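There are 2 protein chains.
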Amino acid sequence: MTDTPTSSAPTDIRGPRLHGVYDALRAAVLSGEIRPGEGISETRVAARYGVSRTPVREAFRRLADEGFLRIVPQVGTFVAPIQLAAVSDSQFIRETLECRTVRLAAERAEAGDVASLARLLDSHRAVMSPDRHSEFFALDEATHAELARIAGRPAVWDLLVAVKAQLDRVRFLSLHSEGWAAKIVGEHQSIVDRVAARDPDGAEEAMRAHLRTVFAAVDEIARTNSHFFET
Amino acid sequence: MTDTPTSSAPTDIRGPRLHGVYDALRAAVLSGEIRPGEGISETRVAARYGVSRTPVREAFRRLADEGFLRIVPQVGTFVAPIQLAAVSDSQFIRETLECRTVRLAAERAEAGDVASLARLLDSHRAVMSPDRHSEFFALDEATHAELARIAGRPAVWDLLVAVKAQLDRVRFLSLHSEGWAAKIVGEHQSIVDRVAARDPDGAEEAMRAHLRTVFAAVDEIARTNSHFFET
DNA sequence: TCGCGTCAACTTGCATACTAGTATGCCATC
DNA sequence: GATGGCATACTAGTATGCAAGTTGACGCGA
Chain A
1 MTDTPTSSAP
11 TDIRGPRLHG
21 VYDALRAAVL
31 SGEIRPGEGI
41 SETRVAARYG
51 VSRTPVREAF
61 RRLADEGFLR
71 IVPQVGTFVA
81 PIQLAAVSDS
91 QFIRETLECR
101 TVRLAAERAE
111 AGDVASLARL
121 LDSHRAVMSP
131 DRHSEFFALD
141 EATHAELARI
151 AGRPAVWDLL
161 VAVKAQLDRV
171 RFLSLHSEGW
181 AAKIVGEHQS
191 IVDRVAARDP
201 DGAEEAMRAH
211 LRTVFAAVDE
221 IARTNSHFFE
231 T
Chain B
232 MTDTPTSSAP
242 TDIRGPRLHG
252 VYDALRAAVL
262 SGEIRPGEGI
272 SETRVAARYG
282 VSRTPVREAF
292 RRLADEGFLR
302 IVPQVGTFVA
312 PIQLAAVSDS
322 QFIRETLECR
332 TVRLAAERAE
342 AGDVASLARL
352 LDSHRAVMSP
362 DRHSEFFALD
372 EATHAELARI
382 AGRPAVWDLL
392 VAVKAQLDRV
402 RFLSLHSEGW
412 AAKIVGEHQS
422 IVDRVAARDP
432 DGAEEAMRAH
442 LRTVFAAVDE
452 IARTNSHFFE
462 T
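Sequences listed follow chains A and B, in order. Going by our numbering, the first residue of the first sequence is number 1, and it counts up by one from there. Going by our numbering, the first residue of the second sequence is number 232, and it counts up by one from there.
This is the structure we're talking about:
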């Protein structure tokens with residue numbers, strides 16, 4: 001995967017056709033609109049989006065690098081099954097890195113940083129209704145990104161975004177239960193509290209508890225959707 | 232041409248033309264044969280390797296994703312300067328993940344694992360002479376990979392291989408001093424000893440000390456070759 | 001009915017032609 | 001001599017045609 005911590009996407013401003021196809025396909029795979037195992041072809045996708053095969057090809061290659069597609073030469077390109085091993089590895093890497101960064105955040109946080117986190121929490125609480133799921137998701141990510149920034153390691157979150165990809169595919173398989181949003185925001189609150197209190201140990205423990213919640217949900221979803229997975 | 236420290240693409244079995252160009256360019260950038268800031272063009276590279284622009288283009292895109300090239304649309308493609316921030320982030324990520332995996336390795340190691348590590352150390356000692364630098368480098372990597380495997384997280388090393396890329400560029404800038412090889416092997420020995428003793432704390436500490444040695448060398452090289460870098 | 005060989009219809013990999021945007025250097029003009 | 005405008009020679013982005021390979025269906029024969 002193929003992503004270096006810093007110089008990845010931000011400085012990349014390549015063709016608009018490529019980005020259109022790439023974004024559309026990525027969303028389609030992530031949301032489950034195209035299901036694991038399903039075959040797609042450069043020609044068909046090109047025709048559908050009204051572009052030639054070349055930008056489609058590049059989009060395919062990038063998505064294959066991210067683990068979303070599997071390109072078999074002379075045969076076809078298929079949506080990759082979600083690999084349980086990859087999900088487990090993502091969890092391990094995420095927990096390891098985020099527990100360390102949140103410690104640093106707790107050690108380094110200044111007043112402005114705490115205020116910024118508080119603002120994010122307020123915004124998060126405002127979009128807890130089920131019909132604003134995508135906004136909720138975006139603010140979830142933003143909170144974790146902000147913690148990495150405060151820790152002085154924004155690139156770590158950039159890396160995690162790539163690493164998390166397989167994990168996010170699982171998350172999209174199922175809408176969450178009733179109290180889910182409240183639980184997430186509450187756990188974020190605990191983390192922010194510990195960061196504001198400059199308590200690295202507490203912050204790490206709160207982050208670990210939070211991630212365990214997320215991972216447990218992922219495992220549950222994986223069990224009930226085993227046909228999408230590959231051992 | 233020197234060795235590429237990392238075997239590149241994990242699960243990719245695409246055309247031989249693409250791989251030839253990709254491997255050659257990667258090695259050329261890593262070894263400093265093509266220097267940061269230097270411009271290369273799809274057309275010229277295609278002509279030089281006797282292929283068309285298409286496989287060159289894919290190789291460029293992949294190398295750009297890895298942080299080796301910078302593609303500026305309608306202008307040109309250039310060897311990316313080594314970004315000090317990226318090097319620092321690589322170090323942080325590597326230390327965080329490897330200290331955790333070596334703990335796990337120490338907890339999980341079985342007799343066969345320890346024997347395997349011992350074999351690697353013996354091989355390593357056998358190639359300490361300066362003229363076998365590339366073999367030494369390869370065994371260094373193999374030892375770290377083996378520790379990740381013993382920890383039950385081989386994928387973590389796969390990730391680190393990608394993350395380390397910018398760090399390896401720095402390493403290639405300079406041959407190491409006289410006692411370097413002995414020092415590295417000695418530190419590896421300490422790590423393996425602690426793993427063999429099922430001492431997670433000691434193993435983590437030994438790994439941390441080892442990485443600090445490596446990072447110090449990187450910093451030293453970075454200081455004395457600042458013209459290759461970008462702040 | 002089963003097995004095997006043939007072939008047609010796909011697929012992606014590669015080569016090449018064309019488009020459009022950018023940097024540069026020359027030349028006319030002031 | 002300095003400067004503005006333009007021609008030109010690059011660049012990467014895109015489109016498309018061809019080649020090589022695989023798959024699977026179809027039909028023939030046992």
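Ideal placement from N, C-alpha and C gives every residue a C-beta, glycine not left out. Only a predicted model underlies this, so the values are computations on that prediction, with no experimental measurement involved.
1. Helix, strand or coil: how does DSSP classify E110 of chain A here?
2. Using a beta-carbon distance cut-off of less than 7 Å, what residues from the stretch 321-348 of chain B approach chain A?
3. Could you have a look at L348 of chain B and say whether DSSP puts it in helix, strand or coil?
4. By how many angstroms is the C-alpha of A434 of chain B removed from the C-alpha of D424 of chain B?
5. Would you please verify whether the beta carbon of T4 of chain A is less than 7 Å from any beta carbon of chain B?
6. So, helix, strand or coil for A222 of chain A, using DSSP?
7. What span of residues does the alpha helix (DSSP H) with L282 of chain A cover, start to end?
8. Along chain A, in chain order, which residues have C-beta atoms closer than 7 Å to that of R384 of chain B?
9. Distance check for F60 of chain A and E289 of chain B, CA to CA, integer angstroms please.
10. Going by CA-CA distance only, name the one from B:A427, B:R275 and B:A317 that's closest to R334 of chain B.
11. What residues are listed by DSSP as bridge partners for L300 of chain B?
12. Check whether the stretch 34-54 of chain A touches the stretch 70-83 of chain A, taking contact to mean three or more Cβ pairs, one atom from each stretch, closer than 8 Å.
13. On the criterion of 16 or more Cβ atoms from any shown chain inside 10 Å, does H124 of chain A qualify as buried, or is it exposed?
14. For S7 of chain A, would you say it is in contact with chain B, using Cβ-to-Cβ distances shorter than 7 Å as the test?
15. Can you give me the start and stop residues for the alpha helix (DSSP H) that G50 of chain A sits inside?
16. Mind checking V72 of chain A: buried by the 16 CB within 10 Å criterion, or exposed?
17. Using a cut-off of 9 Å between C-beta atoms, extract the partners of R292 of chain B located in chain A.
18. Does DSSP put I422 of chain B in a helix, in a strand, or in coil?
19. Measuring only between beta-carbons, confirm whether P10 of chain A sits less than 7 Å from chain B.
20. Closest to S129 of chain A by C-alpha separation, out of A:D113, A:L159, A:I184 and A:D65, would be which residue?
21. Can you look up F368 of chain B in the DSSP assignment and give me helix, strand or coil?
22. Which of the three DSSP states, helix, strand or coil, is assigned to F229 of chain A?
23. So the alpha helix (DSSP H) R26 of chain A belongs to, where does it begin and stop?
Let's see:
1. It is coil, neither helix nor strand.
2. When CB distances to chain A are screened at a threshold of 7 Å, the residues of the stretch 321-348 of chain B falling below it are S321, F323, I324, T327, L328 and R331, in chain order.
3. L348 of chain B sits in a helix when the DSSP states are folded into three classes.
4. Separation of D424 of chain B and A434 of chain B (C-alpha to C-alpha, rounded to the nearest whole angstrom) is 8 Å.
5. Caution applies to T4 of chain A, whose pLDDT of 29 falls short of 50 and renders its modelled position unreliable; the model cannot decide the point.
6. DSSP places A222 of chain A in helix when its eight states are reduced to three.
7. Within the shown structure, residues of chain A are numbered from 1 to 231, placing residue 282 of chain A beyond reach of any answer.
8. Counting only Cβ-Cβ distances below 7 Å, R384 of chain B has contacts in chain A at D89 and F92, in chain order.
9. If you take the alpha carbons of E289 of chain B and F60 of chain A, they lie about 11 Å apart.
10. Checking every option, the nearest Cα to that of R334 of chain B belongs to B:A427.
11. Answer is B:V310, bridged to L300 of chain B.
12. Taking one beta carbon from each stretch, the stretch 34-54 of chain A and the stretch 70-83 of chain A have 3 or more pairs nearer than 8 Å; the two touch.
13. Of the residues assessed, H124 of chain A falls on the buried side of the cut-off, its CB having 16 or more other CB atoms within 10 angstroms.
14. Because S7 of chain A sits at a pLDDT of 30, beneath the cut-off of 50, its placement in the model cannot be relied upon, and the point is left open.
15. Going by DSSP, G50 of chain A is part of no alpha helix (DSSP H) at all; its letter is neither H nor E.
16. Counting other Cβ atoms within 10 Å of its Cβ, V72 of chain A stays below 16 and is therefore classed as exposed.
17. Within chain A, the residues near R292 of chain B are R14, E58, R61 and R62.
18. Shown here, I422 of chain B sits in a helix according to DSSP, grouped into three states.
19. Note that P10 of chain A scores 32 on pLDDT, short of 50, meaning its location in the model is unreliable; the coordinates nonetheless yield the value given after this. Not one chain B Cβ lies under 7 Å of P10 of chain A.
20. Nearest C-alpha to S129 of chain A: A:I184.
21. Of the three classes helix, strand and coil, the one that applies to F368 of chain B here is helix, per DSSP.
22. Strand at F229 of chain A.
23. That run of the alpha helix (DSSP H) goes P16 to S31.
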